[in-house]
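Undergrad: One structure, pasted below without further comment.
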Amino acid sequence: MATHVGKSLEIKKDNWPQDLVLSILATLPAKSLLRFKCVSKHWRSMLINPDFVEQHLENQRKKDYPQLVFASTGSKTDIVLESVSIVDVKVEGQEGGVKTRKSFERSCLNICHLPPDVCYMTNSCDGILCFYGKTNVFVYNPGTREFRILQIGKVESSLATSYSFDCFGQLFCRYHLLGLGRDQVTKECKIIRLFRSKGEHENHNHECEVFTLNSDVGASWRGIGEVAYFIRPAQQPAYVNGALHWILDDRHANPSEVIISFDLHTEKFKAISHPSCCIEASLDQYKRHFMGLLSLRNSLCLILPESSLQLQLNIWIMNQSNGIWEKLFCIDWELMNYKIPLAFPITELKDGTFFVCHCGDNLQIYYPESKSFSEVLLRHERVVMPSAYFESLVSFYGEPLVN
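The UniProt record's numbering puts the sequence shown at residues 1 to 403.
See the structure below:
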């Protein structure tokens with residue numbers, strides 16, 4: 001009888017439309033899917049299929065809220081990742097009506113056994129986080145707990161200090177600039193490193209090298225030569241649609257060039273369009289210092305001061321199809337009664353509001369229509385590096401992290 005039932009279940013299982021099975025599985029969290037890999041070789045092959053990985057990632061992006069990840073240096077030997085899930089909570093209003101407010105579900109994860117110099121965080125990409133130091137890079141996917149450590153090699157420098165802060169209070173290594181992204185053709189993850197050769201002064205252009213995170217066990221950094229653009233130090237790149245973007249330094253020879261992109265497939269740099277007001281800003285060191293790049297709505301965004309006197313930050317967004325920029329909203333810095341560093345948006349919520357982080361520790365909501373801020377919703381004791389995060393199954397051929 002048991003054998004008959006088993007055969008019946010097997011027949012029914014084989015009659016399930018595979019497209020339906022995959023559509024259901026693509027809505028599940030990564031933790032469940034990792035367990036399902038053990039069901040059979042067939043299920044494992046389905047779940048690691050590149051098309052399924054992309055479908056799962058796309059479903060995650062369609063969620064009402066992303067997760068927020070805050071990385072802070074706990075000590076010399078670990079980095080603490082705090083994952084914050086945004087949830088709606090129903091509360092009673094002053095007039096007895098039911099309203100909703102945003103709250104958080106928090107969890108912490110200690111990432112141990114990291115190289116001691118890994119204490120900076122660059123941009124995240126498709127559920128993958130990247131940390132780096134002077135001689136090591138640590139790549140990590142919290143959804144799959146896959147990690148990989150890359151050695152850069154010893155970097156000599158005559159700089160007085162090994163780090164610097166940008167206008168948003170984020171800490172950066174001065175030895176090099178790192179960016180993480182995915183080639184939209186091959187779907188491979190790549191790490192881009194911009195650096196100056198030993199003995200070269202900060203006034204020299206950067207050199208560039210690339211590490212492709214593929215299955216090649218003998219993979220190493222590939223030099224692609226000197227960058228023809230003078231890139232501003234101490235900034236985090238913005239990753240959008242297969243390209244990394246940086247702001248050029250005010251010492252760049254051509255003042256009409258403000259933003260450059262690096263295509264992760266062709267591995268070429270080029271200057272791209274920018275708002276017309278950037279030309280004036282490029283001649284003003286104050287404005288240039290407070291310019292920054294972000295990725296919002298899956299598009300490239302630029303933060304730009306209104307003027308040197310008015311403490312207002314305009315957020316511009318670029319249309320990916322035609323390269324035309326338009327103003328998205330404006331943050332009135334004076335309303336916050338804060339000094340430097342400034343607040344910057346992390347991610348947009350489904351109701352059109354934005355989470356902003358200030359001083360690297362306070363999290364608030366910004367309401368563009370009323371140009372106002374909420375109370376501080378989350379406060380950290382240490383300076384943290386915030387990032388919007390969508391869970392993914394994207395692999396970079398690492399190994400499972402075991403605490």
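C-beta: ideal position from N, C-alpha, C; glycine also.
Please classify Ser197: does DSSP put it in a helix, a strand, or coil?
TA: Three-state result, Ser197: coil.
Undergrad: Would you mind working out which of Arg174, Asp166, Ala238, Val53 sits nearest Lys134, comparing C-alpha positions?
TA: Of Arg174, Asp166, Ala238, Val53, the residue nearest in Cα terms is Arg174.
Undergrad: Can you tell me whether Trp246 is helix, strand or coil according to DSSP?
TA: The answer is strand: DSSP assigns Trp246 an E or B state.
Undergrad: Exposed or buried, which one is Gly225 when buried takes at least 16 other CB atoms within 10 Å?
TA: Burial call: exposed.
Undergrad: So, with DSSP's three-state summary, where would you put Asn123?
TA: In the structure shown, Asn123 sits in coil (DSSP, three-state: anything other than H, G, I, E or B).
Undergrad: Should Gln170 be labelled buried (16 or more other beta-carbon atoms within 10 Å of its own) or exposed?
TA: Under this definition Gln170 is a buried residue.
Undergrad: Quickly, what does DSSP pair Lys270 with across the bridge? List them, please.
TA: In the DSSP output, where bridge partners are listed per residue, Lys270 has Ser261.
Undergrad: On the CB-based measure, 16 or more other CB atoms within 10 Å of its CB, does Trp325 come out buried or exposed?
TA: Trp325 is buried by the Cβ-count criterion.
Undergrad: Who are the near neighbours of Pro115 in its chain, counting only those whose CB is closer than 6 Å to its CB and skipping five residues on each side?
TA: Excluding positions up to five away in sequence, the list reads Asn136.
Undergrad: Which first and last residues belong to the alpha helix (DSSP H) in which Pro50 is found?
TA: Note, Pro50: alpha helix (DSSP H), 50-61.
Undergrad: CB-CB under 6 Å to Ser387, same chain, minus the five flanking residues each way: which ones, in chain order?
TA: Around Ser387: Val69, Ser124.
Undergrad: Have a look at Glu375, Cys330, Leu213 and flag the residue whose alpha-carbon is nearest the alpha-carbon of Ile149.
TA: Out of Glu375, Cys330, Leu213, Leu213 has the C-alpha closest to the C-alpha of Ile149.
Undergrad: Would you be able to state if there are at least three C-beta pairs under 8 Å between the stretch 179-191 and the stretch 35-49?
TA: Counting Cβ pairs under 8 Å, fewer than three are found: no touch.
Undergrad: For Ser215, which residues in the same chain have their Cβ closer than 6 Å to its Cβ, ignoring the five residues on either side in sequence?
TA: Closer than 6 Å at Cβ, skipping near neighbours: Tyr397.
Undergrad: Which value, in whole angstroms, describes the spacing of the CA atoms of Phe36 and Trp43?
TA: Looking at the two C-alpha atoms, the distance is approximately 7 Å.
Undergrad: Quick one: what's Leu150 bridged to in DSSP?
TA: BP columns for Leu150 point to Val137.
Undergrad: Ile24 lies in the alpha helix (DSSP H); which residues open and close that run?
TA: Residues 18-25.
Undergrad: Who pairs with Phe329 in a beta bridge, going by DSSP?
TA: Looking at the DSSP assignment, Phe329 forms a beta bridge with Ile315.
Undergrad: Within its chain, find whatever has a CB closer than 7 Å to the CB of Asn314; leave out the 5 residues flanking it on each side and keep chain order.
TA: Excluding sequence neighbours, Asn314 sits near Leu304, Glu306, Lys327, Cys330.
Undergrad: So, is the C-beta of Phe262 closer than 8 Å to a C-beta in chain C?
TA: The structure shown has no chain C; it contains just one protein chain.
Undergrad: Quick one: using the 10 Å Cβ neighbour count with 16 as the cut-off for buried, is Val356 buried or exposed?
TA: Val356 comes out buried.
Undergrad: Can the beta-carbon of Pro345 be found closer than 8 Å to that of Tyr367?
TA: For Pro345 and Tyr367, no; Cβs fall outside 8 Å.
Undergrad: Report the three-state DSSP secondary structure of Ala30 (helix, strand or coil).
TA: In the structure shown, Ala30 sits in a helix (DSSP, three-state: H, G or I).
Undergrad: Return the CA-CA distance between Gly6 and Glu399, expressed in angstroms with no decimal places.
TA: Any reading at Gly6 is ruled out, since the residue's pLDDT is 44, under 50, leaving its predicted position unreliable.
Undergrad: In angstroms, rounded to a whole number, what distance separates the CA positions of Ser45 and Leu393?
TA: If I take the Cα positions, the gap works out to 13 Å.
Undergrad: Beta-carbon within less than 8 Å of Val240's beta-carbon, same chain only, minus the 5 sequence neighbours each way: which residues are those?
TA: If we look at Val240 and ignore the five residues flanking it on each side, its Cβ neighbours are Ser295, Asn298, Ser299, Leu300, Gln320.
Undergrad: Beta-carbon within less than 8 Å of His265's beta-carbon, same chain only, minus the 5 sequence neighbours each way: which residues are those?
TA: Excluding residues within five positions, the ones whose Cβ falls inside 8 Å are Asp183, Gln184, Val185, Thr186, Gly242.
Undergrad: Can you give me the C-alpha to C-alpha distance between Glu334 and Phe290, rounded to a whole angstrom?
TA: In a straight line, the C-alpha of Glu334 is about 15 Å away from that of Phe290.
Undergrad: Could you name the residues of the same chain whose beta carbon sits closer than 6 Å to that of Leu401, not counting the 5 residues immediately before and after it, in chain order?
TA: Answer for Leu401: Arg145, Phe147, listed in chain order.
Undergrad: Going straight from the alpha carbon of His380 to that of Thr353, what length do you get?
TA: If you take the alpha carbons of His380 and Thr353, they lie about 22 Å apart.
Undergrad: From the DSSP output, read off the bridge partner residues of His176.
TA: DSSP lists Phe195 as partners of His176.
Undergrad: Taking the DSSP output, what are the residues bridged to Leu68?
TA: Its beta-bridge partners are Val84, Ala388.
Undergrad: Under three-state DSSP, which class holds Phe165?
TA: Looking at Phe165 - three-state DSSP - the assignment turns out to be strand.
Undergrad: What is the residue span of the beta strand (DSSP E) that Gln358 lies within?
TA: The identity of residue 358 in the sequence shown is His, whereas the question assumes Gln. Its beta strand (DSSP E) spans residues 354-358.
Undergrad: According to DSSP, is Cys189 helix, strand or coil?
TA: Reduced to three states, the DSSP call for Cys189 is strand.
Undergrad: I'd like to confirm something about Asn319: is its beta-carbon nearer than 7 Å to some heavy atom of the ligand SAH, or not?
TA: The ligand SAH is not among the ligands present in this structure, which contains no ligands whatsoever.
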